[in-house]
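Everything in the sequence shown is counted per our numbering, starting at 2 for the first residue and increasing by one.
Taking it in order: structure first as structure tokens, then the write-up.
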Amino acid sequence: MRLIAFDFNTKQDRPIELSDLSSRPVQGLYYWVVLDSGDEASGRAALEKLGIGPTVAESFLGQQQEARYDLYDDATHVSVSEAWLEQGELKSGIMDVLLGAHFLVIRTARPSAVLEQVRSIYHKDFQSFARSPGFLLYELASQLFELYRRTYHSFTNEVENVQLTLFGRVTDDIFMTVSRLTTDILAFRRIVLTARDLFKDLATRKSAFVSETTQPSLDIMADRMGRLCSDLDSERSVLTETLNLYMGMVSHRTNRVINRLTIISMIFLPLSFICGVYGMNFEGMPELGWRYSYLLFWFGSAVFVTLFLALVKRKKWI
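Below, the structure is given as structure tokens:
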């Protein structure tokens with residue numbers, strides 16, 4: 002568990018101990034609490050120190066659920082999902098956030114890239130820009146959006162790789178690749194939409210836990226997430242067009258093969274007719290007794306095939 006205290010009167014931030022937490026801190030003091038996974042006892046003690054009731058504590062420390070937005074008298078419990086690509090596969094993790102008048106508590110079930118980024122920049126931003134405790138919520142939204150943006154660019158690279166395979170040796174495995182990518186993009190889009198709606202609500206709903214100076218910034222983050230969803234729709238369209246292009250290429254190759262087979266059948270059809278005629282058992286066929294009839298058959302066949310191929314080539318049928 003990590004505990005940070007922000008003093009807006011002196012513009013100082015410092016790590017603190019669990020015993021330093023208070024449900025009634027002095028004016029200008031704000032707490033940031035990060036709960037480690039599996040340390041439920043310390044988390045429960047921290048929430049009790051902050052004045053959180055048992056009902057809210059049980060909800061916050063219980064099973065994590067996606068897209069939560071629970072309003073209480075002493076706090077607001079929301080949850081957002083981180084999402085990233087790992088070896089071409091979409092991974093996600095839920096982050097629970099408990100927002101109060103003088104505290105922000107965050108709980109994750111795994112190491113969080115968003116929290117690591119916030120930890121690396123919060124001190125400088127607090128000293129330079131923070132005007133209210135809401136700056137920490139904005140930092141969280143900003144870094145979450147940056148993670149989404151990096152994940153989006155990873156998806157664009159995956160989509161480009163699928164497109165490039167069309168210029169090489171492509172197999173029917175492209176169907177599985179496109180299906181997996183489309184499914185992951187849809188899942189990622191749902192995560193981003195959920196986060197957009199959450200921050201939109203925090204930005205527009207009147208609340209004692211979100212300062213008015215922070216709400217416009219959260220609204221900007223929500224709009225950026227909305228545009229990111231539109232970009233994801235474009236990537237889905239590109240995947241659909243790529244698959245249609247592949248189907249068109251397969252259809253074109255199939256038509257060329259059928260065309261060649263049709264030309265071959267057109268060559269042998271009249272020859273088969275001649276062979277069938279002279280294969281009949283009639284005694285009155287004059288050519289059967291002629292010495293050069295067999296040579297004439299092959300000569301006539303060769304002339305026919307040559308003339309037919311010349312005609313096909315002139316007509317550009319092959």
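Ideal Cβ placement from N, Cα and C applies to all residues, glycine included.
* Should the segment 291–301 be called in touch with the segment 236–249, which here means at least 3 C-beta pairs below 8 Å? -> Contact fails: fewer than three Cβ-Cβ distances are below 8 Å.
* With residue 95 as the anchor, note down where its beta strand (DSSP E) starts and where it stops. => First-last of the beta strand (DSSP E) with residue 95: 90–100.
* residue 76, enclosing beta strand (DSSP E) - first and last residue -> Per DSSP, residue 76 belongs to no beta strand (DSSP E) and is neither H nor E.
* **Given residue 102 as reference, the closest of 168, 211, 249, 2 once Cα atoms are compared** => That would be 211, whose Cα lies nearest to the Cα of residue 102.
* Run the CB neighbour count on residue 161, radius 10 Å, all protein chains shown included, and call it buried at 16 or more, exposed below. => Classification for residue 161: exposed.
* To do: Determine the contact status of residue 104 and residue 51, defining contact as a CB-CB distance below 7 Å.
  => Yes.
* Asked: What's the C-alpha gap between residue 131 and residue 17?
  -> Their backbone Cα atoms lie some 20 Å apart in a straight line.
* Does the beta-carbon distance from residue 195 to residue 68 come in below 7 Å? -> Contact: yes.
* Coil, strand or helix - residue 295 by DSSP -> Collapsing the DSSP output to three states places residue 295 in a helix.
* For residue 16, the three-state DSSP class (helix, strand or coil) -> Correct three-state label for residue 16: strand.
* Asked: Which of the three DSSP states, helix, strand or coil, is assigned to residue 84?
  -> Three-state result, residue 84: strand.
* Roughly how many whole angstroms lie between the Cα atoms of residue 134 and residue 250? -> Rounded to the nearest angstrom, the two C-alpha atoms are 58 Å apart.
* **Distance, residue 248 Cα to residue 42 Cα** => Between residue 42 and residue 248, the C-alpha separation is close to 58 Å.
* Unbroken alpha helix (DSSP H) run spanning residue 31, endpoints -> First-last for residue 31: 30–36, but that is the beta strand (DSSP E), not the alpha helix (DSSP H).
* Considering only the beta carbon of each residue, do residue 86 and residue 152 sit closer than 7 Å? -> Judged by beta-carbon spacing, residue 152 lies within the 7 Å limit of residue 86, meaning their Cβ atoms are closer than that value.
* To do: Keeping to the same chain, check which residues put their C-beta closer than 8 Å to that of residue 24; ignore five residues upstream and five downstream.
  => Excluding positions up to five away in sequence, the list reads 50, 51, 52.
* To do: Enumerate in chain order the residues of its own chain whose CB-to-CB distance from residue 309 is below 8 Å, with the five nearest sequence positions on each side excluded.
  => Hits under 8 Å: 267, 268.
* Would you please state the rounded distance, in angstroms, between the beta carbons of residue 107 and residue 65? I believe it to be under 8 Å. => With a beta-carbon spacing of about 12 Å, residue 107 and residue 65 fall beyond the 8 Å limit used to define contacts.
* Any idea if residue 58 is buried or exposed, counting beta-carbon neighbours within 10 angstroms, 16 or more meaning buried? -> By the neighbour-count rule (16 or more Cβ atoms within 10 Å), residue 58 is buried.
* Short check: CB of residue 192 to CB of residue 84, under 7 Å? -> Closer than 7 Å, so yes.
* Asked: For the candidate residues 156, 189, 221, whose alpha-carbon lies nearest to that of residue 204?
  -> Comparing Cα positions, the closest option is 221.
* Asked: With 16 as the cutoff for other CB atoms within 10 Å, does residue 176 come out buried or exposed?
  -> That one is exposed.
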